[in-house]
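S.K.:
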Amino acid sequence: GCWIAGLMLSADTHAFLTSREWQLQPLYLAAHFITLRLFGTMFTRNFTEGVGYLDVPPAQARHGIWLVLGPVGALVALVLAIPFSIYEYRTLIAGDGASAGALSHRTDLLLYAMWSVEWFLIAFIWVQLVGFLLLTRWAIREYSFRAPIEIVLHDKQYRPFLRMSAQGATIVLGFFAVNALYTWYTGAAMTDYIGVAVTLILLVVGFIPPWMLLTAKVDRIVSAEMTSLRHRLAVTGVL
41 GCWIAGLMLS
51 ADTHAFLTSR
61 EWQLQPLYLA
71 AHFITLRLFG
81 TMFTRNFTEG
91 VGYLDVPPAQ
101 ARHGIWLVLG
111 PVGALVALVL
121 AIPFSIYEYR
131 TLIAGDGASA
141 GALSHRTDLL
151 LYAMWSVEWF
161 LIAFIWVQLV
171 GFLLLTRWAI
181 REYSFRAPIE
191 IVLHDKQYRP
201 FLRMSAQGAT
211 IVLGFFAVNA
221 LYTWYTGAAM
231 TDYIGVAVTL
241 ILLVVGFIPP
251 WMLLTAKVDR
261 IVSAEMTSLR
271 HRLAVTGVL
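Letter by letter, the sequence shown follows residues 41 to 279 of the working numbering.
(1) How would you label Y225, buried or exposed, when you count the other beta carbons within 10 angstroms and need 16 or more for buried?
(2) To the nearest whole angstrom, what separates the beta carbons of Y152 and D95, a pair I think is in contact under 8 Å?
(3) Looking only at C-alpha atoms, which of L193, L149, Q65, T81 sits nearest to V108?
(4) With 16 other CB atoms within 10 Å as the buried threshold, where does F73 fall?
(5) Give me, in chain order, the residues of the same chain whose beta-carbon lies closer than 8 Å to that of I211; leave out the 5 immediate sequence neighbours on both sides.
(6) Tell me the rounded alpha-carbon separation between L174 and A256.
(7) Among D52, S59, G90, whose alpha-carbon lies nearest the alpha-carbon of D195?
(8) Ignore the nearest five residues each way along the sequence and tell me which others in A71's own chain have a CB closer than 7 Å to its CB.
Pasting the structure below:
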């Protein structure tokens, strides 16, 4: 639909059809929607599975997910995307339009709108990365495992929280490949790398706190169980 609208608004059909930016931009926009959906589905599934092994009230878990994926998260993403959209406006509309080919003012406006939507989707991914990191920290720090520690370790009930980073890395890798193809075909700009770079940094940094919390939590539980076992053995020996 965006591509057809751009074609209808263009003052030069041949220039539009041969524009590398317009040849890939609709597909690049679709890649942003797909990446956002993959992150949202992955985070929700793993977080829901992970808190299912903890004493987290289901209503609180659902409310936390709603805060990240609902209107609150979207509003935060919009605020984050505004500075990047302003920069794109200065580059494309207020500038000479060279980066997009300057087919017409109307096509430039449509292209700018698509870029703005892409920045909003990228910012929403950042919100998900940070939001689910905070939710995971909250759940691990405040609530205990439902099952005894031996079952937790045997069944690896902590794995859903760690799986977020592994699966998130796979999604980022796919998005990076699409981004690399786009920048190679249309000509790289600094802003083309910012979205992927920030997403990758947040993903890597976001893996460390849950891993450290889980390790410390399991160590405390094991130590407490060992202390309790020694105490029972000592009491039994005395008797």
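For glycine and all other residues, C-beta sits at the position ideal for the given N, C-alpha and C.
M.R.: In terms of the structure at hand:
(1) Stepping through the sequence shown from its first residue, residue 225 is reached at position 185. Looking at its Cβ environment, which holds fewer than 16 other Cβ atoms inside 10 Å, Y225 is exposed.
(2) Translated into the one-based positions of the sequence shown, residue 152 becomes position 112. Translated into the one-based positions of the sequence shown, residue 95 becomes position 55. That pair is no contact at about 49 Å.
(3) Start at 1 with the first residue of the sequence shown, and residue 108 comes out as number 68. Taking only the C-alpha atoms, the option nearest V108 is T81.
(4) Position 33 of the sequence shown holds residue 73. With fewer than 16 other Cβ atoms within 10 Å, it is exposed.
(5) Numbered from its first residue, the sequence shown carries residue 211 at position 171. Result list for I211: T75, L78, F79, M82, in chain order.
(6) Translated into the one-based positions of the sequence shown, residue 174 becomes position 134. Translated into the one-based positions of the sequence shown, residue 256 becomes position 216. Each residue's alpha carbon lies about 17 Å from the other.
(7) As a working mapping, residue 195 is identified with position 155 in the sequence shown. The candidate whose alpha carbon is nearest that of D195 is G90.
(8) By one-based count along the sequence shown, residue 71 stands at place 31. Hits under 7 Å: F215, V218.
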